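Enquirer:
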Amino acid sequence: MTTDSSSTNRAPAEGISTFKGQDRALRADRLGTGGLLLSVLAATAPLMVVAGVMPTTFAVMGIVGQPLLFVVLGTVLVLFSLGYAEMSRHVHNAGAFYAYISRGLGGTAGAGAALLALVAYNSLQVGIYGIFGFEVSGLFATYADLEVAWWIPALAAALAVGVLGWLKIDVNAKVLGVLLVIEVLLVVVFDIAAVADPGKEGLSLHAFNPDTLTGAGVGTALCFCIAAFLGFEQAPVYAEETSRPHVLVPRVMFLAVAGVAVFFAVSSWALTVATGPATIVATSQEQSAGLLFFLTEDRLGPTFTDVLHVLFVTGMFAAMLSFHNVVARYAFAMGREGLLPAAFGRTTGSSGAPGTGSLLQTGIAVVLVLIFALTDDKPSGDPTAPVLHLFTWGGNIGALGVIVLMAIASLSVVVFFVRRGAAGAQAWRLVTSAVAGIALVVIAVYTVKDFDVLVGTGPDSALRWILPGVIGLALVTGLVQGAILRTRAPETHARIGLGNEAFQLEKEAERTP
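Just so you know, we're using the working numbering here: the sequence shown kicks off at 34 and counts up by one.
1) Under 8 angstroms, do residue 173 and residue 187 count as touching if we go by C-beta distance?
2) Classify residue 380 as helix, strand or coil using the three-state DSSP reduction.
3) Among 398, 130, 79, 143, which has the Cα closest to the Cα of residue 513?
4) Roughly how many angstroms lie between the CA atoms of residue 530 and residue 136, to the nearest whole one?
5) Please report the straight-line C-alpha distance between residue 553 and residue 474, rounded to a whole angstrom.
6) Between the stretch 500–508 and the stretch 106–115, can you find at least three pairs of beta-carbon atoms closer than 8 angstroms?
7) Could you check whether the stretch 80–88 touches the stretch 300–317, counting it as contact only if at least three pairs of C-beta atoms, one from each stretch, sit closer than 8 angstroms?
8) Could you tell me if residue 131 is buried or exposed, where buried requires 16 or more neighbouring beta carbons within 10 angstroms of its beta carbon?
9) Is DSSP giving residue 92 helix, strand or coil here?
10) What does the alpha-carbon distance come out to for the pair residue 269 and residue 283?
11) Going by C-alpha distance, which of 462, 434, 119 is nearest residue 285?
12) Taking the beta carbon of residue 316 as the centre, do at least 16 other beta carbons fall within 10 Å, making it buried, or is it exposed?
13) DSSP beta-bridge partners for residue 386?
14) Under 8 angstroms: do the stretch 475–491 and the stretch 244–262 share three or more Cβ pairs, one atom per stretch?
15) Once the 5 residues before and after residue 348 are set aside, which same chain residues still bring their CB inside 6 angstroms of it?
16) Just to confirm, are residue 159 and residue 398 a CB contact at a threshold of 8 angstroms?
17) Which residues in the same chain have their Cβ closer than 7 angstroms to the Cβ of residue 490, if we skip the five residues on either side of it in sequence?
18) So what's residue 465 in DSSP terms, helix, strand or just coil?
19) Would you say the stretch 393–408 touches the stretch 146–158, given that touching needs at least three Cβ pairs under 8 angstroms?
20) Check whether the stretch 338–347 and the stretch 90–103 are in contact - that is, three or more C-beta pairs closer than 8 angstroms.
21) In terms of alpha-carbon separation, which member of 466, 436, 492 lies closest to residue 24?
22) Taking DSSP as the reference, what is the three-state secondary structure of residue 305?
23) If you compare alpha carbons, which of 433, 431, 463 is closest to residue 443?
24) Report, in whole angstroms, the separation of the C-beta atoms of residue 265 and residue 73, which I expect to be a contact under 8 angstroms.
25) Enumerate in chain order the residues of its own chain whose CB-to-CB distance from residue 322 is below 8 angstroms, with the five nearest sequence positions on each side excluded.
26) Kindly indicate which three-state DSSP category residue 247 falls into: helix, strand or coil?
27) Identify which residue in 446, 330, 500 has its Cα closest to the Cα of residue 465.
28) Quick one, are the C-beta atoms of residue 151 and residue 504 less than 8 angstroms apart?
29) On the CB-based measure, 16 or more other CB atoms within 10 Å of its CB, does residue 391 come out buried or exposed?
30) Given this structure, state the Cα-to-Cα distance separating residue 356 from residue 231, to the nearest angstrom.
31) Kindly indicate the opening and closing residues of the alpha helix (DSSP H) around residue 485.
32) In three-state DSSP terms, what is residue 275?
33) Using alpha carbons as the reference points, say which of 227, 374, 518 lies closest to residue 330.
34) Assuming residue 508 is part of the alpha helix (DSSP H), what are its boundary residues?
Below, the structure written as structure tokens:
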């Protein structure tokens, strides 16, 4: 990926058509520390991770030391956040990743990152509809004795998320906050119950022993676990909607990374305590995604477990809404800067929400759910396959995309400050960004190498290359778009990554006599 000479401190060149009107800017002062933190943490879907990701990692990878993996990944992501957060003090743009990358590596690289981010976050968001529909269908069957096709609640959720996406972001934050707090409290109750009533091995700390991270499955386990952190990196997406982005965005990122690392490390340890480290792998293989509910029913009773099932579903809804808001804002930023049609770069009415971007994401979700629904209930096939494919394919494609974006952003941070002549002042941040970038590249390589394990296909399946190829195709297509714009529309290319700054600079110029 090459850099552009105009990448640092680019201002609108003479003659550039910049943004006019408030509909080209997201409404400021809508989010404080609490609202922003809840908005990004909702994407982590705590119950989905504890009930789904953790048992799968134990069962498939056979890695007892999953709690230690969360500590290791938390450390890597804190190192990443040191440079990423510092970058957020200099760039306030709903395009976040691609805005940062364009400032460091140039507009062409920024265009590549923009399309990559749009594809990655859409994949993450849409993938959840598969498991959401499957779980809601199961709830209807269990508690109402009704057979409901999975795609019906999935489509209903897509429409509900779309409606909420048009509302003020602070309203969304309240919805996300309520759902998230309840989820976290229920998991904490389980953690306490597991510690109070441990398995035969007692309060063993064996899961934190480095010896538990040996074997061929560690690299793939890292791929599973890093997906649990996705959400913290979204904080800069909302920078324009906060009152003090240079303060709030870094604060929220560090709170999110540290909080997620500790919370998931403790919760995965609680699972090993409840079963015993020696039997956690076997029990996970036997219970699969039912592990958490199996353990809570034994310790906390059927009523608590029923509530947990319901909150498992509402937590998925919160994650879908969180990712929806991110996709809508990326589409808004790209429309504002000429990477998508201009209609996407306008806000909607009094809510100040990026309504067109919200419609785009809802449309993509509905179309993909319908495509997978058409392959469902085939007499000769597994009726759950389309659901599980939508979830595993979308989730892993999206996770790979975000890992790649973080790795590129780490490089961009280094280049940005070096070109500004701030390498000395920012030396330790540049070192941490470089270390994090190398670690993220390693994780990305493992993710591609073991994609067949992540999505459950055979090693000879073409899907092991086709699915991660979606990320490569998105990046290359975006780079080609950026190169074309640089040649044919240099004024648009010069605007990539500037976001609302171009509009603000023009207003200042108009006020100057």
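Each residue gets a CB set at the ideal place from its N, CA and C atoms; glycine is no exception. It should be emphasised that the depicted structure is a prediction, and the values quoted were computed from it without experimental measurement.
Expert: With the given structure in hand:
1) Working through the sequence shown from its first residue, we reach residue 173 at position 140. Working through the sequence shown from its first residue, we reach residue 187 at position 154. Residue 173 is not a Cβ neighbour of residue 187, given a cutoff of 8 angstroms.
2) Residue mapping note: residue 380 aligns to position 347 of the sequence shown, counting from 1. Note: residue 380 maps to coil in three-state DSSP.
3) One-based indexing of the sequence shown puts residue 513 at position 480. For residue 513, the nearest C-alpha among the options comes from 143.
4) Taking the first residue of the sequence shown as 1, we reach residue 530 at position 497. Taking the first residue of the sequence shown as 1, we reach residue 136 at position 103. A direct Cα-Cα distance of roughly 6 angstroms separates residue 530 from residue 136.
5) Nothing can be reported for residue 553, as the shown portion of the chain is limited to 34 through 546.
6) No, the stretch 106–115 does not touch the stretch 500–508.
7) Contact between the stretch 80–88 and the stretch 300–317 is established, with three or more Cβ pairs separated by less than 8 angstroms.
8) Translated into the one-based positions of the sequence shown, residue 131 becomes position 98. Counting Cβ neighbours within 10 Å, residue 131 comes out buried, since at least 16 surround it.
9) For the purposes of this step, residue 92 is taken as residue 59 along the sequence shown, with counting starting at 1. The answer is helix: DSSP assigns residue 92 an H, G or I state.
10) As a working note, residue 269 is residue 236 in the sequence shown. As a working note, residue 283 is residue 250 in the sequence shown. Rounded to the nearest angstrom, the gap between the Cα atoms of residue 269 and residue 283 is 8 angstroms.
11) As a first step, residue 285 must be located in the sequence shown, where it is residue number 252. Checking every option, the nearest Cα to that of residue 285 belongs to 119.
12) Residue mapping note: residue 316 aligns to position 283 of the sequence shown, counting from 1. Buried, by the Cβ-count rule.
13) Here residue 386 is taken as the residue at index 353 of the sequence shown, counted from 1. DSSP links residue 386 through a beta bridge to 381.
14) Under the Cβ criterion (8 angstroms, minimum of three pairs), the stretch 475–491 counts as touching the stretch 244–262.
15) Stepping through the sequence shown from its first residue, residue 348 is reached at position 315. Answer for residue 348: 78, 80, 81, 216, listed in chain order.
16) By 1-based counting over the sequence shown, the position of residue 159 is 126. By 1-based counting over the sequence shown, the position of residue 398 is 365. For residue 159 and residue 398, yes; Cβs fall inside 8 angstroms.
17) To locate residue 490, count along the sequence shown from 1; it is residue 457. Around residue 490, the same chain offers 496, 497 as residues with beta carbons nearer than 7 angstroms, after the five sequence neighbours per side are excluded.
18) Here the question's residue 465 lines up with position 432 in the sequence shown. Reduced to three states, the DSSP call for residue 465 is helix.
19) In short, these stretches touch, since the Cβ pair count reaches three.
20) With contact defined as three or more Cβ pairs closer than 8 angstroms, the stretch 338–347 and the stretch 90–103 are not in contact.
21) The shown model of the chain, from 34 to 546, leaves out residue 24, and the question about it has no answer.
22) Along the sequence shown, read from residue 1 onward, the residue named residue 305 stands at position 272. The three-state reading of DSSP puts residue 305 in helix, counting H, G and I together.
23) Locating residue 443 in the sequence shown gives position 410, where the first residue counts as 1. Checked all of 433, 431, 463; the closest Cα to residue 443 is 463.
24) Taking the first residue of the sequence shown as position 1, residue 265 is located at position 232. Taking the first residue of the sequence shown as position 1, residue 73 is located at position 40. Confirmed, Cβ separation roughly 6 angstroms.
25) Position 289 of the sequence shown holds residue 322. For residue 322, where only same-chain residues beyond five positions count, the Cβ hits under 8 angstroms are 84, 85, 88, 89.
26) By one-based count along the sequence shown, residue 247 stands at place 214. Reduced to three states, the DSSP call for residue 247 is coil.
27) If you number the sequence shown from 1, residue 465 lands on position 432. Minimum Cα distance to residue 465 is reached at 446.
28) Reading the sequence shown from its first residue, position 118 is the one you call residue 151. Reading the sequence shown from its first residue, position 471 is the one you call residue 504. Taking C-beta atoms as the reference points, residue 151 and residue 504 fail to come closer than 8 angstroms.
29) The residue given as residue 391 occupies position 358 in the sequence shown. Its Cβ being crowded by 16 or more others within 10 Å, residue 391 is buried.
30) Taking the first residue of the sequence shown as 1, we reach residue 356 at position 323. Taking the first residue of the sequence shown as 1, we reach residue 231 at position 198. In this structure, the alpha-carbon of residue 356 lies about 36 angstroms from that of residue 231.
31) If you number the sequence shown from 1, residue 485 lands on position 452. Under the DSSP assignment, residue 485 falls in the alpha helix (DSSP H) whose first and last residues are 484–488.
32) Along the sequence shown, one-based indexing puts residue 275 at 242. It is a strand residue.
33) As a working mapping, residue 330 is identified with position 297 in the sequence shown. Closest option to residue 330, judged by alpha-carbon separation, among 227, 374, 518: 227.
34) Residue mapping note: residue 508 aligns to position 475 of the sequence shown, counting from 1. Where residue 508 is concerned, the enclosing alpha helix (DSSP H) stretches over 496–521.
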